[in-house]
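According to our numbering, the residues represented by the sequence shown are 15 to 141, in order. C-beta atoms are modelled at their ideal positions from N, C-alpha and C, and glycine is treated no differently. Everything below concerns the one structure shown next.
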Amino acid sequence: MIRVPVLSPDGEPLMPAKASRVRRWLKSGKAKVVDLMIPGKEGKRRGYGGTVTRHGFRKGDYVKAVKAGITYYGYVSGDTTTQVSVSNPNWKRLGQFTAKKVQLLQRNTGLVSTVGLSNLTTLSGKI
15 MIRVPVLSPD
25 GEPLMPAKAS
35 RVRRWLKSGK
45 AKVVDLMIPG
55 KEGKRRGYGG
65 TVTRHGFRKG
75 DYVKAVKAGI
85 TYYGYVSGDT
95 TTQVSVSNPN
105 WKRLGQFTAK
115 KVQLLQRNTG
125 LVSTVGLSNL
135 TTLSGKI
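Have a look at this one:
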């Protein structure tokens, strides 16, 4: 069950609650939603996705991974000393793969993904 962090109208943190309860609170004005990447005490957010792992991947990189002769396409969601976790677009894990059998297809830049959008054209008709 997903819990949503919320603030009271005067900015005090409330206990995380179920989404249905939070919707009621938002409609009645009793709460407002908190950004899930909350700045720390120093006002800085933690680093996310910028550091390249020991295998050369970054969280969110689009990769091709092979396991037991089956090829999977997905996004890097984590790593261990010898393996890389690969997930589908809904962040459901497809599995953990040996780092040597994972190939980078597109780097996560933090911008809109262009995977599968190669058939789009500009207004002038040129790419």
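Check this for me: beta carbons of residue i and residue j, under 8 Å apart or not?
i   : j   : result
K41 : L21 : no
S91 : R72 : no
R17 : P30 : yes
P19 : G43 : no
Counting only the same chain and skipping the five closest in sequence on each side, list residues whose C-beta sits under 8 Å from that of residue i.
i    : result
E85  : As written in the sequence, residue 85 is Thr, which differs from the Glu given in the question. Result list for T85: K78 and A79, in chain order.
H69  : D93, V98, A113 and V116
P103 : G88 and Y89
Provide the residue span of the alpha helix (DSSP H) that contains residue i, from first to last.
i   : result
A33 : A33 to S42
Identify the continuous beta strand (DSSP E) that holds residue i and give its terminal residues.
i    : result
D93  : I84 to D93
F111 : R107 to T112
K81  : Y76 to K81
S101 : Q97 to S101
V116 : V116 to Q120
Please classify residue i: is it buried, with 16 or more other beta-carbons within 10 angstroms of its beta-carbon, or exposed?
i   : result
G88 : buried
V66 : exposed
Within a Cβ cutoff of 7 Å, which residues of the same chain sit near residue i, ignoring the five residues on either side of it in sequence?
i    : result
S101 : G88, Y89, S91, R107 and L108
F111 : A79, K81, Q97, V98 and V100
T105 : The sequence given here has Trp at residue 105, not Thr. For W105, where only same-chain residues beyond five positions count, the Cβ hits under 7 Å are S91.
Quick one: residues in its chain with C-beta nearer than 6 Å to the C-beta of residue i, no 5 flanking neighbours on either side, listed in chain order?
i   : result
W39 : A45
I want to see whether chain C comes within less than 8 Å of residue i, judged by CB atoms only; does it?
i   : result
L28 : Looking for chain C here will not work: only one protein chain is present.
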